[in-house]
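Using numbering that gives the first Met the number 0, the first residue of the sequence shown is number 0, and each one after it goes up by one.
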Amino acid sequence: MKIDLVTIFPGMLEGPFKESMIKRAVDRGLVEINLIDLRSYTRDRHRQVDDTPYGGGCGMILKPEPLFEAVEDLKSKSEYERSWVLLMTPQGRRFDQQAARKLSGEKHLILICGRYEGVDERVRTALIDEEFSIGDYVLTGGELAAAVIVDAVVRLLPGFITEEAAANESFSDSFLEHPHYTRPSAFRGMEVPSVLLSGNHAEIERWRRKQSIKRTCERRPDLLEKAKLLPDEKSYLEEIMRQQN
Ligand code: ADE
Numbered sequence: 000m001k002i003d004l005v006t007i008f009p010g011m012l013e014g015p016f017k018e019s020m021i022k023r024a025v026d027r028g029l030v031e032i033n034l035i036d037l038r039s040y041t042r043d044r045h046r047q048v049d050d051t052p053y054g055g056g057c058g059m060i061l062k063p064e065p066l067f068e069a070v071e072d073l074k075s076k077s078e079y080e081r082s083w084v085l086l087m088t089p090q091g092r093r094f095d096q097q098a099a100r101k102l103s104g105e106k107h108l109i110l111i112c113g114r115y116e117g118v119d120e121r122v123r124t125a126l127i128d129e130e131f132s133i134g135d136y137v138l139t140g141g142e143l144a145a146a147v148i149v150d151a152v153v154r155l156l157p158g159f160i161t162e163e164a165a166a167n168e169s170f171s172d173s174f175l176e177h178p179h180y181t182r183p184s185a186f187r188g189m190e191v192p193s194v195l196l197s198g199n200h201a202e203i204e205r206w207r208r209k210q211s212i213k214r215t216c217e218r219r220p221d222l223l224e225k226a227k228l229l230p231d232e233k234s235y236l237e238e239i240m241r242q243q244n
């Protein structure tokens, strides 16, 4: 996969991809990540990327010309037939795991980091395939949102995580993770649940699934509405509901 990030602050995006698992994915050739300075697509002396809004008002708007030239150039340089162009904006659709999974199937992503008050509307209508928000809050720009999306997408690329972890993924889409413990088995009077020390893998699996459902019920009941529950999960959920009421 190839990911191009178009920004006027490339420095903001240098750190996240030079560390940890994403760096490994880059080093192993699973993904190529390029930071593109929007100013390199300006033609004027001042390298102007933004301007005041027609009709008045405060704030600056990203101009259409550099963005169109950048995206057209990146598309023409790409070895892939299709490029999928994303705009980071609080007005976009809420980014979630399902969107991450869909994007991980693309070969070439171009992420545009919005800035200031927004972008010229012609960019939205003629250049962008999809607009994403990472949550209902306003950031100073789309850079951090782009880093979040790249991280969530890259970890889903084939070969990034083990198959076992990938299999758990479909489960963790609907439910929150069960509690985790590591050594020591007793710490400051707090004991690890004995089932986890039992070596009985079927029992452990059952305990984990139940804990997952319980957590989801307590913390994110909204996720359960979308969940496809197995019969035994359903009866356990009903039991938790009864205990809560
Ligand atoms: N730009 C500013 N705020 C944003 C958000 N919440 N999501 C994506 N891009 C943004």
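Note that beta-carbon positions come from the ideal geometry of N, C-alpha and C, so glycine has one too.
Predicted, not measured: the structure shown is a model, and the values here were computed from it.
- Taking the CA atoms as reference points, residue 27 sits about 15 Å from residue 33.
- In this structure, the CA atom of residue 137 is about 48 Å from the CA atom of residue 199.
- Taking all protein chains shown into account, residue 227 has fewer than 16 neighbouring C-beta atoms within 10 Å of its C-beta and is therefore exposed.
- By the neighbour-count criterion, in which a residue is buried when 16 or more other Cβ atoms sit within 10 angstroms of its Cβ, residue 40 is buried.
- Setting aside the 5 residues that flank it on each side, residue 177 is surrounded in the same chain by 207, 210, 211, each with a C-beta closer than 6 Å to its C-beta; the list follows chain order.
- Under the DSSP assignment, residue 2 falls in the beta strand (DSSP E) whose first and last residues are 1–6.
- Straight across, the Cα-Cα distance linking residue 97 with residue 128 is about 17 Å.
- Taking all protein chains in view, the Cβ of residue 49 is crowded by 16 or more other Cβ atoms within 10 Å, so the residue is classified as buried.
- Inclusion of residue 132 in the 8 Å shell around the ligand ADE follows from its C-beta lying nearer than that to a non-hydrogen atom of the ligand.
- The DSSP-derived three-state label of residue 202 is helix.
- The beta carbons of residue 118 and residue 63 sit closer together than 9 Å.
- Taking C-beta atoms under 8 Å as the contact rule, residue 142 and residue 8 qualify, at a distance of about 6 Å.
- For the segment 43–123, the continuous beta strand (DSSP E) assignments of 3+ residues that do not extend past its boundaries occur at 83–93, 107–112, in sequence order.
- For residue 221, the enclosing alpha helix (DSSP H) covers residues 220–225.
- According to DSSP, residue pairing for residue 34 in a beta bridge involves 4.
- Spanning the alpha carbons of residue 68 and residue 37 requires a straight line of approximately 9 Å.
- The secondary-structure analysis by DSSP pairs residue 190 across a beta bridge with 185.
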